[in-house]
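Residue numbers (full-length UniProt numbering): 1 to 278.
The structure appears right after this line, and notes come after that.
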């Protein structure tokens, strides 16, 4: 129950931010940044029908179709997210001032705020409906991956924006979708970038012991062999923070200056010594 309450709170806050991004930046500038809300923005300018109600009305048949075809895979959090998102849009639109009519600024900040809101919703195991549900249906009937299905659904909305508005606005909408997706990833993966390190050395035991004692990091030994020589080699693998990179290099250099070291970025690490799995 406690987890559900936290999820509901997260969906509420996230839906409010996503609605604000539409009301303050995207809708006033005719930027239909994909999804059901983008389609609702286009219809709004053609009919003057409220965007929030349109979003909910367009989501309902999609929701019913998904339940009919795929079963109840979304549940209470999606129903709550759909309704809350739609209510916030129509609640904010008459009272919240438009901050800019510069298309570039509206695209950038609309993408950032909207992505932040949706990222919070997704982290709370919810969704505002729209593209997610459409993507599942496209995936079911065409065999396209969910990612490809989302791209197709958003692409159709952007194309409609180009037809009913103009090509320039459609291009800005595409940029907003890109920013949206990147911010969502950032919210879900976090800012705690770590480093994955692979070390190939003639003295792996000494390096392993030094890393474990000096950096207090666990080391995994992978069995490998040289592609050219065929000689068996132990490959050391460990995860360290960005601040530990220089220290690790000094440790390896002290033991084996000819060691082969690969250091690469890792977006998220869960487990002992890093972020707890939730």
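Ideal placement from N, C-alpha and C gives every residue a C-beta, glycine not left out.
Note that the structure is predicted; figures quoted are calculated from it, not measured.
In this structure, residue 128 and residue 18 form a Cβ contact; the two beta carbons are roughly 6 Å apart against a cut-off of 8 Å.
Annotation: the continuous beta strand (DSSP E) that includes residue 260 extends over 260-266. Rounded to the nearest whole angstrom, the C-alpha separation of residue 167 and residue 47 is 21 Å. Between residue 33 and residue 26, the CB-CB gap stays under 8 Å. Boundaries for residue 123: no beta strand (DSSP E) harbours it, while the alpha helix (DSSP H) harbouring it runs 103-123, taken from the DSSP string. Annotation for residue 90: the continuous alpha helix (DSSP H) segment containing it runs 76-92. Assignment of residue 224 by DSSP, reduced to helix, strand and coil, places it in the strand class. Proximity of the segment 85-97 to the segment 51-66 meets the contact definition, three or more beta-carbon pairs being nearer than 8 Å.
When secondary structure is reduced to three states using DSSP, residue 33 falls in the coil class, being assigned neither helix nor strand.
The segment 149-229 contains, as complete alpha helix (DSSP H) runs of 4+ residues, the segments 167-189, 204-210 (chain order). Looking at the backbone, the Cα of residue 213 and that of residue 237 are separated by about 15 Å.
Note that the C-beta distance between residue 79 and residue 122 is not below 8 Å. Residue range 245-255 is occupied by the alpha helix (DSSP H) that includes residue 255.
DSSP, reduced to helix, strand and coil, places residue 58 within a helical segment of the structure shown. Between residue 239 and residue 261, the gap from beta carbon to beta carbon reaches 8 Å or more. Remark: fewer than three beta-carbon pairs, one from each stretch, lie closer than 8 Å, so the segment 97-111 and the segment 3-16 are not flagged as touching. In the DSSP assignment, residue 6 falls within the unbroken alpha helix (DSSP H) covering 2-21. Its Cα nearest to that of residue 170, the residue 31 stands out among 31, 1, 245. Within the same chain, and ignoring the five residues on either side of residue 204 in sequence, the residues whose Cβ sits closer than 6 Å to its Cβ are 234, 236. Between residue 199 and residue 252, the C-beta spacing is below 8 Å.
Between residue 263 and residue 197, the CB-CB gap stays under 8 Å. If the five residues before and after residue 65 are omitted, its C-beta is found closer than 7 Å to the C-beta atoms of 137, all from its own chain and listed in chain order.
With respect to residue 88, residue 15 sits close: the two C-beta atoms are nearer than 8 Å. Its Cα nearest to that of residue 226, the residue 201 stands out among 61, 162, 201.
Beta-bridge analysis with DSSP links residue 232 to 225.
In the three-state reduction of the DSSP assignment, residue 26 falls in the helix class, which pools H, G and I.
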